[in-house]
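Trainee: Here it is, the structure in full.
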Amino acid sequence: MTAQQPFLSLRNLSVGFGPQGAIRAVRDVSFDLEAGKTLCLVGESGSGKSVTATSIMGLHKPGSAVVTADRLRLDGRDLLSCDEAQLSGLRGSLMAMIFQDPMSSLNPALTIGFQLREALQLHEKVSRKAADARVLEILQWVRIPDAARRMNAYPHQLSGGMRQRIMIAMALICRPRLLIADEPTTALDVTVQAQILWLLSELQREFGTAIIFITHDLGVVAEIADDVAVMYAGTLVERGSVHDIFERPSHGYTAGLLRATAEFVPGEESLGRLEEIPGNVPSFSMLPKGCSFVDRCRFAAPSCHERTPDWRQVAEGHDTRCDQPIDDARAASALRETMI
Amino acid sequence: MSNFVVRRLLSVIPIALIVLVTVFLLLHIGPGDPAALIAGENATPAQIEQIRERLFLDRPLLEQLFLYLSHVVQLDLGQSVYSGLPVLSLIAQRIEPTAVLAVSTLLLSVLIAVPMGVWAAWRAGSTVDTALIVASVLGFSVPVFVIGYVLVDVFALRAGWLPVQGYKPLSSGLWNCFRSIILPSVTLSFLFSALVARITRATMIEVLAEDYIRTARAKGAGNRRILVVHALKNIGVPVVTVVGTSFAALLGGVVITESVFNIPGMGRLTVDAILTRDYPVVQGVLIVFSFVLITVNLLVDLSYALFDPRVRQ
Ligand SMILES: Nc1ncnc2c1ncn2[C@@H]1O[C@H](COP(=O)(O)OP(=O)(O)OP(=O)(O)O)[C@@H](O)[C@H]1O
Ligand code: SF4
Ligand SMILES: [Mg+2]
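Protein chains in written order, with our numbering: chain L, 1 to 340; chain G, 341 to 653.
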């Protein structure tokens, strides 16, 4: 399977909302992910990370989104040709998702125990007793204190951090082979966050789970990613190994993103200055002509206004959608300009 | 019993007291001498005096109130000024048709409206949904007596399947009673189910857009399971609330329906009592209706605890 066909493979995934899908929130997203690997999806707020993830799960509200792709394959299955019933069978078992907002993602009218047990029993024929044992086990695994008692609790009786861990437990209880985690740790404090990341890596080691991890936090990316995909204004602008992305950012946006986080300015910690990317993400209806990042790019050349850049390879497994891939010489000269 | 339940039960006492005092004061709020009002235009001074004494209208107000309350507490609602019969037994004679009509309308409406509202919400924007909206606007805006006459014309006069009017008591057999109440309660159901279906649809659409419904789908729950297990319990509170708060409107509809179908219930009793200025009967009827509404609201509030765990503590 792995040699010819990646575990998860997306080609030109596009998502439109509104009438006839006219609001094109995501355009032409392509990437592959191997089993047991972690891909971090990064990008500014509103760049389409959650929409991309939701599309893989087929979880857009029925009728609300138009999802198209040349390819959307998971574990040898064509997800686009699956109907809702087939997808239901895969959701929770083959692929699972941890959502961004833990406060509203649990059903207020059902106990924690019920919601977790249901997640298991929808896919595995186990007795109530066996299910309860599994639930207890996974609750302890995500470090819910006093787990046996919490099973009878309702969501409102738990803190936000605890609810997020319940959500994580729910996603993991059937040991999915693809886990999509949408900013799972933003609501948590740093120690709990570290625990969760450790749990995820343990799951991955044990079951060979492929993980798509969505985050704003480049520190987390450095810690857990194998590969990184950078999104900007609804599309992927650069993808490569975590090493490539951090050491040789080739797209103007990636470079800006890294600069905005001082500790990752390659070889320039001594400067100690943190740069904001000037301007805002353009809305989908008002994307500039040419490269969508051109208005904010410090490396922009006149030709960037003319042509929408296509993918080009910077190195093996490292692609960018920039017509003037930034090399070290250009980066250094741009840096000198800002220092003057 | 939880704190919530105890507190809610206790809150009935002051409400009941306020109702009784208000009902008592009704007689004294209007202008003029209550005794003369009740006695009517052609009454002799002696008759007016007699009524004044019988209703204790010659005593100080506070004493009257105290007397009134102490009688009501002993279930003594006084006598009808006209027939001289005890108000309580007048009400007892008339309450069955009204109760049967109200309860059957309630059941019928909820059984029809909740599934319809849920279905429309699930298929929001579809033909089914649009049809339901149109139907509910009609049910809401066509007067009860128009619907009543149309139904009678079709099912009783033309088809001859059902009685045109009147009421057969439960003691005449369940089937007879049922037949006599079908048309009136279907008539009244139009209004009530329009209301309930609309609220059900609106809350269901809201609930289906919640994040936890997406979570349920993400777990692999199918459509039916999402509706029944994950959504239904969360529309309980708003739906029961609208059923409870519009129960007063239902009672109003019952009064009209009773006169359309010539049913000898509380509605007719009320109308007759008002027309004849039979104040003790009017007061008695008001007390009964008020206590029914207090009870319904109590049940509604207590049911919150059933649907929403957040209320229970
Ligand atoms: N159901 C929807 N209908 C219309 N537009 C939508 C819908 N869902 C998302 N969008 C739009 O798609 C764009 C991308 O949203 P998305 O939630 O994927 O961003 P994100 O990258 O996850 O941001 P964040 O980091 O804030 O979570 C946004 O502009 C959003 O307004
Ligand atoms: S194509 Fe031009 S504008 Fe776009 S990122 Fe590359 S250098 Fe910047
Ligand atoms: Mg998001």
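Virtual Cβ for every residue (Gly too), placed ideally from N, Cα, C.
(1) According to DSSP, is ASN12 (chain L) part of a helix, a strand, or is it coil?
(2) Skipping 5 residues on each side, what residues in its chain have a beta carbon closer than 8 Å to that of LEU441 (chain G)?
(3) Quick check on the DSSP output: what are the complete alpha helix (DSSP H) runs of length 4 or more inside the segment 153-205 of chain L, in order along the chain?
(4) For a minimum of 4 consecutive residues, which ranges assigned as the alpha helix (DSSP H) are wholly contained in the segment 396-444 of chain G?
(5) Assuming GLY560 (chain G) contacts SER93 (chain L) under a Cβ cut-off of 8 Å, what Cβ separation, rounded to an integer in Å, is found between them?
(6) Taking any Cβ of chain L, which residues in the segment 481-498 of chain G have a Cβ under 7 Å from it, in chain order?
(7) Suppose the cutoff is 6 Å on Cβ atoms and the five residues either side in sequence are ignored; what does the same chain contact list for ARG239 (chain L) look like?
(8) Counting only Cβ pairs nearer than 7 Å, list the residues of chain G close to ASN12 (chain L).
(9) Can you have a look at SER544 (chain G) and say buried or exposed, based on whether 16 or more other CB atoms are within 10 angstroms of its CB?
(10) Which chain G residues sit within Cβ distance under 7 Å of MET97 (chain L)?
(11) So for ASP295 (chain L), helix, strand or coil by DSSP?
(12) Under a three-way DSSP split, which group does ILE603 (chain G) fall into?
(13) Mind pulling the chain G residues with CB within less than 9 Å of MET231 (chain L)?
(14) When every heavy atom of ligand 1 is checked, does at least one fall within less than 7 Å of the C-beta of VAL230 (chain L)?
(15) Going by DSSP in three states, GLY272 (chain L) sits in which element: helix, strand or coil?
(16) Would you say THR38 (chain L) and ILE224 (chain L) are within 8 Å of each other, going by their C-beta atoms?
(17) Sorted by chain position, which residues of the same chain lie with C-beta nearer than 8 Å to ARG519 (chain G)'s C-beta, five sequence neighbours on each side aside?
(18) Does any heavy atom of ligand 3 sit closer than 7 Å to the C-beta of GLN164 (chain L)?
(19) Note down, in chain order, each residue of its chain lying with its Cβ closer than 6 Å to the Cβ of ILE326 (chain L), except the 5 sequence neighbours on either side.
(20) Kindly indicate which three-state DSSP category SER104 (chain L) falls into: helix, strand or coil?
(21) Quick one, which of L:ALA96, L:PRO176 and L:ARG117 has its alpha-carbon nearest PHE207 (chain L)'s?
(22) Where does THR324 (chain G) land, buried or exposed, given buried means 16+ other C-beta within 10 angstroms?
(23) Mapping the DSSP letters down to three states, classify GLY457 (chain G) as helix, strand or coil.
(24) Using the three-state DSSP reduction, which class does ASP469 (chain G) fall into: helix, strand or coil?
(25) Are there 16 or more other CB atoms within 10 angstroms of the CB of ALA233 (chain L), so buried, or fewer, so exposed?
(26) Between VAL427 (chain G) and the rest of its own chain, which residues show a CB-CB distance below 7 Å, the 5 nearest in sequence each way excluded?
(27) Looking at ligand 3, does it come within less than 7 Å of LYS61 (chain L), judged from the CB to the closest heavy atom?
(28) Counting only beta-carbon atoms, is ASN107 (chain L) nearer than 8 Å to chain G?
(29) Please list, in chain order, the chain L residues whose beta carbon lies closer than 9 Å to that of PHE647 (chain G).
Mentor: Answer, in terms of the structure:
(1) Looking at ASN12 (chain L) - three-state DSSP - the assignment turns out to be strand.
(2) Only residues of its own chain outside the window of five on either side were considered, and among them ILE521, PRO524, SER525, LEU528, VAL594, THR597, GLU598, ILE603 and GLY605 have a CB closer than 8 Å to the CB of LEU441 (chain G), listed in chain order.
(3) Qualifying alpha helix (DSSP H) stretches, in chain order: 160-172.
(4) Counting whole runs of 4 or more residues, the segment 396-444 of chain G contains the alpha helix (DSSP H) stretches 401-413.
(5) With a contact defined as Cβ atoms closer than 8 Å, GLY560 (chain G) and SER93 (chain L) qualify at about 6 Å.
(6) For chain L, none of the residues of the segment 481-498 of chain G brings a beta carbon within less than 7 Å of one of its beta carbons.
(7) Excluding positions up to five away in sequence, the list reads PHE31, ALA229 and ASP319.
(8) Close to ASN12 (chain L), with beta-carbon spacing below 7 Å, lies no residue of chain G; the smallest spacing is near 24 Å.
(9) The residue you asked about is not Ser; residue 544 (chain G) is Met in the sequence shown. When all chains shown are included, MET544 (chain G) counts as buried.
(10) By Cβ distance, chain G contributes ALA558.
(11) Under the three-state reduction of DSSP, ASP295 (chain L) is assigned to helix.
(12) Coil.
(13) From the beta-carbon of MET231 (chain L), no residue of chain G is found nearer than 9 Å; the closest lies around 21 Å away.
(14) Within the chosen limit of 7 Å, ligand 1 does not reach the beta carbon of VAL230 (chain L) with any heavy atom.
(15) Residue confidence is low: GLY272 (chain L) scores 44 on pLDDT, short of 50, so the model does not pin down where it sits. No coordinate-derived value is stated.
(16) With contacts defined as CB atoms closer than 8 Å, THR38 (chain L) and ILE224 (chain L) qualify as a contacting pair.
(17) Closer than 8 Å at Cβ, skipping near neighbours: LEU502, PRO503 and LYS508.
(18) Outside the cutoff, so no.
(19) So the qualifying residues of the chain are SER250, ALA255 and PHE299.
(20) Three-state DSSP puts SER104 (chain L) in coil, outside helix and strand.
(21) Here the closest residue by C-alpha is L:PRO176.
(22) Because chain G here runs from 341 to 653, residue 324 (chain G) falls outside it and cannot be looked at.
(23) It is helical.
(24) Here ASP469 (chain G) carries a helix assignment [DSSP, helix/strand/coil].
(25) The residue is buried, with at least 16 neighbouring Cβ atoms inside 10 Å.
(26) Excluding positions up to five away in sequence, the list reads LEU417, GLY418, GLN419, SER420, PRO620, VAL621 and GLY624.
(27) Flag unset: Cβ of LYS61 (chain L) not near ligand 3.
(28) Look at ASN107 (chain L): its C-beta is under 8 Å from a C-beta on chain G.
(29) Within chain L, the residues near PHE647 (chain G) are ALA109.
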